[in-house]
Amino acid sequence: MSTSGSTSGIVYRPRRLRTTPRMRRLAAETRLHAADLVLPLFVKEGLTEPAPIASMPGQVQHTEASLRDAVADAARAGLGGVMLFGIPAQRDATGSAGDDPDGVLQRGIRIAREAVAQVEADTGRPGPVVMADTCLDEFTDHGHCGVLTAGPSGEQVVDNDATLDRYASMAVAQARAGAEVVAPSGMMDGQVAVIRDALDDAGFDQVSILAYSAKYASAFYGPFRDAVDSALQGDRRTYQMDAANAREGLREADLDLAEGADMVMVKPAGTSLDVLRGVADRSDVPVAAYQVSGEYAMIEAAAAHGWIDRKGAVLESVTAIKRAGADVVLTYWAPEIAEWIK
Ligand code: PBG
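For the sequence shown, the numbering used here gives the first residue as 351, with consecutive numbering after it.
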């Protein structure tokens, strides 16, 4: 027993660091900062009013005008980036609208760059990096992330290498429109290398690639399919990963790093925190994680019922994603979090 006055024999008392708000603040290992947050935004061709997304309360499909305002707000909030998704008026087998210089996503990118430049001029502070989703699923009439071909027994399969040509063309179209980061999310083999080559050949060696490296086939993308009016028949299990596999996620990240990815991403964030930690431990480049539509919808739905403390759950979920190793978090709550942590 101790002779120094304590009768308990307890030497280590971790609770000391939890006694007061000021002590807890000092002791916090993980902090949220607006500049680490990226806001995903949807812009839809031909809309006249922003259209609420039923399964994502608080999120909308933007018109070009409301996109401009949303990006300007993101800039004033100090967010690190915006990630744009386009919803075209016409879809076809090869997703032609995806690399049309005047397609909805390219128009959105130009608008976003203008909005950022405007706020930067007004405030003198850096605005969000403008990023674009480089994938075909929003643009194809079958809803797959690539072009289809007949498989060995006549079934329709996603043709990896034919899809790569489409991604290369999309990435260049996005760069021409002003995208600073292209984000291939289709999980085709070799996509980062092909996009890097195409960007370099077209004179865009300064445009970065944020690779969706470990992207799992996930039920948590459900609300996103509403957000982009997805036409998907079937599922994505021949190209997105099986949630059973962690090693495979690390291998995918290694391959993307070897192909020249400037940043790598893990997705969905909340169900892949182990993979996120593993990728963070081996990556020399920034690591992003995407808190996806279903993660958003779950907390919003529970909070709407009064079953969960909304703000607490949002902050805890994003803090956990950072704690697991994310430098950058894509989250639909980015503007609200930025407001809370100001
Ligand atoms: C593909 C893409 C998807 C998401 C981001 N990029 C959909 C999918 O792979 O099925 C999902 C994002 C979310 O659920 O919030 N373009």
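C-beta: ideal position from N, C-alpha, C; glycine also. As the structure is a prediction and not an experimental result, all values here were calculated from the model.
Short Cβ contact (7 Å threshold) for residue i with residue j
i	j	result
A616	L626	The residue you asked about is not Ala; residue 616 is Val in the sequence shown. A contact, by the Cβ cut-off of 7 Å.
P618	S405	no
D576	I403	yes
M433	P390	yes
V479	G431	yes
S558	V531	yes
P438	E395	yes
M591	Y566	yes
G493	L582	yes
V410	L680	no
A561	D606	yes
Y517	Q541	yes
Alpha helix (DSSP H) segment containing residue i, residue limits
i	result
V625	L623 to R632
F574	G572 to A577
K692	That residue, K692, is in no alpha helix (DSSP H); it is neither H nor E in DSSP.
M373	P371 to A377
Sequence-distant residues of its chain with Cβ nearer than 7 Å to residue i (five each side left out)
i	result
Y362	none
R365	none
T669	T380 and L382
L397	Q411 and T413
Residue range of the beta strand (DSSP E) that includes residue i
i	result
P390	L387 to K394
R606	The sequence given here places Asp at residue 606; Arg does not occur at that position. No beta strand (DSSP E) holds D606; the alpha helix (DSSP H) holding it covers R597 to A608.
V679	V678 to L680
A533	V531 to P534
S563	S558 to K565
Spatial neighbours of residue i in its chain, beta-carbon cut-off 6 Å, leaving aside the 5 residues before and after
i	result
W683	V664
T444	V497
Q506	L498
K692	none
Same chain, Cβ closer than 8 Å to residue i, neighbours up to 5 away in sequence not counted
i	result
I658	I649 and A652
T588	V507 and V508
Beta carbon proximity, residue i to chain C, threshold 7 Å
i	result
A518	Judged by its chain identifiers, the structure shown contains no chain C, having just a single protein chain.
For the structure I just gave you, are there three or more beta carbon pairs, one from the region 670-684 and one from the region 631-648, closer than 8 Å? Contact between the region 670-684 and the region 631-648 is present: three or more C-beta pairs spanning the two stretches fall below 8 Å.
With contact counted as at least three CB pairs below 8 Å, one residue from each stretch, are the region 470-479 and the region 423-430 in contact? yes
So, do the region 521-528 and the region 589-606 have three or more beta carbon pairs nearer to each other than 8 Å? Look at the beta carbons and you see the region 521-528 not touching the region 589-606: under three pairs across the two are nearer than 8 Å.
The region 482-491 touching the region 534-545, judged by at least three CB pairs closer than 8 Å: Of all C-beta pairs linking the region 482-491 to the region 534-545, three or more are shorter than 8 Å, placing the two stretches in contact.
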